[in-house]
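Worksheet for the structure shown next.
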């Protein structure tokens, strides 16, 4: 009987002692939060790291939660006051905060911890966005990409309700593009293209596919973009230029005819069509296209110069053919035709020259022609 009583007293003392230690350690966690409130971040770090390294408390969710809160609070205060010491309380401080919160959730996966972490995660995602912008402005594009993608990870892969942040995706894609991380850039821009984000994103994705040598996907992507976006001028221009580089004038004309059918009063499409005809050597049809540009935009002096250039090219072509003729009468007729073409060219140049306040660029082109 005495032996039983002794064992009972022993275990009561043992567990009572553990409870006392537990209360002491919990008090230390409370101390951490008091120190955070008082902005005594280095002292708080000393306390929390002791708890992290103690095998008795390293499995407590509250310890990891307090560490994440400390790292995050110090970073925000450092950003507010421009204090590098607080921004570097931990290496990769925002990552430390997120990883600590994730550890807390792993140790306590219930709804209570999720409710605690929800505002923290939203704030963290916003701060990763801010951090990414800070790096991007300084030209640290690879670091900006990491920050933007970490923000996306919190928004899209955590327990938070699913959300698509197209601004964050765009910034991640742009940071990847600027850092020449083509794979990540293509990944983010492909997502945005799927959402129908913008013609600018589709053009960047088109260029990425071309750079990768995937011309089929590039062409399909930009054609999809032309269908999706009403403001598709830059896409039609890019595709037309690409077709011309490949000498695919038939494809270029097909795209432009479709564009003009949808938007017949857009001078850009008529202008492009004129260039395609010029590329084919069809100066007559090129003139017709450039004349439509003049009708739609009478102040576009460049169109006048294009028309003059086409007439000049016609005259040169006639003269070259005339050299092959032996019949004097035919030669004379061809000379008259070329002279008429040159006169037309001069007439269109005179229309430009008659304008006041011409820039040096225009004057130089006039003199050259």
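Numbering (this note's numbering), first residue to last: 24 to 392.
Note that the Cβ used here is the ideal one computed from N, Cα and C, for glycine as well.
Cβ neighbours of residue i in the same chain (closer than 6 Å, five flanking residues each side left out)
i, result
"residue 292", "279, 282 and 283"
"residue 42", "For residue 42, the pLDDT reaches just 42, beneath the cut-off of 50, and the residue's location in the model is therefore unreliable, although a value from the coordinates is still provided. Answer for residue 42: no residue qualifies."
"residue 294", "316"
"residue 371", "327, 330 and 331"
"residue 201", "164"
"residue 290", "316, 319 and 320"
"residue 95", "120"
"residue 229", "241, 244 and 245"
"residue 375", "324 and 327"
"residue 52", "85 and 89"
"residue 368", "331, 334 and 335"
"residue 287", "none"
"residue 338", "361, 364 and 365"
Other residues of its chain near residue i: CB distance less than 7 Å, five sequence neighbours each side excluded
i, result
"residue 182", "137"
"residue 314", "330"
"residue 211", "192, 195, 196 and 199"
"residue 82", "130"
"residue 203", "none"
"residue 308", "300"
DSSP state of residue i mapped onto helix, strand, coil
i, result
"residue 311", "helix"
"residue 180", "helix"
"residue 90", "helix"
"residue 286", "coil"
"residue 271", "coil"
"residue 187", "coil"
"residue 248", "helix"
"residue 95", "helix"
"residue 144", "helix"
"residue 155", "helix"
"residue 383", "helix"
"residue 360", "helix"
"residue 346", "coil"
"residue 411", "Within the shown structure, residues of the chain are numbered from 24 to 392, placing residue 411 beyond reach of any answer."
"residue 149", "helix"
"residue 220", "coil"
"residue 80", "coil"
"residue 61", "coil"
"residue 112", "coil"
"residue 139", "helix"
"residue 131", "coil"
"residue 338", "helix"
"residue 373", "helix"
Any non-hydrogen atom of the ligand GDP closer than 6 Å to residue i Cβ
i, result
"residue 378", "Ligands are entirely absent from the displayed structure, and the ligand GDP is therefore not among its contents."
Counted within 10 angstroms of its Cβ, other Cβ atoms place residue i as buried (16 or more) or exposed
i, result
"residue 57", "exposed"
"residue 177", "buried"
"residue 159", "buried"
"residue 304", "exposed"
"residue 155", "buried"
"residue 79", "exposed"
"residue 285", "exposed"
"residue 173", "buried"
"residue 366", "exposed"
"residue 244", "buried"
"residue 225", "buried"
"residue 263", "buried"
"residue 301", "buried"
"residue 248", "buried"
"residue 162", "exposed"
"residue 218", "exposed"
"residue 214", "buried"
"residue 208", "buried"
"residue 105", "exposed"
"residue 378", "exposed"
"residue 91", "buried"
"residue 312", "buried"
Close beta carbons around residue i, own chain, < 8 Å, minus the five adjacent residues each side
i, result
"residue 153", "102"
"residue 205", "199, 231, 234 and 235"
Pair every Cβ in the stretch 191 to 198 with every Cβ in the stretch 152 to 170, then say whether three or more of these pairs are closer than 8 Å.
yes
Taking three-plus beta-carbon pairs below 8 Å as touching, is the stretch 108 to 116 in contact with the stretch 138 to 146?
no
Contact the stretch 294 to 303 vs the stretch 258 to 277: 3+ CB pairs below 8 Å:
yes
Assess contact between the stretch 50 to 69 and the stretch 120 to 129, defined as three or more Cβ pairs (one per stretch) separated by less than 8 Å. Is contact present?
no
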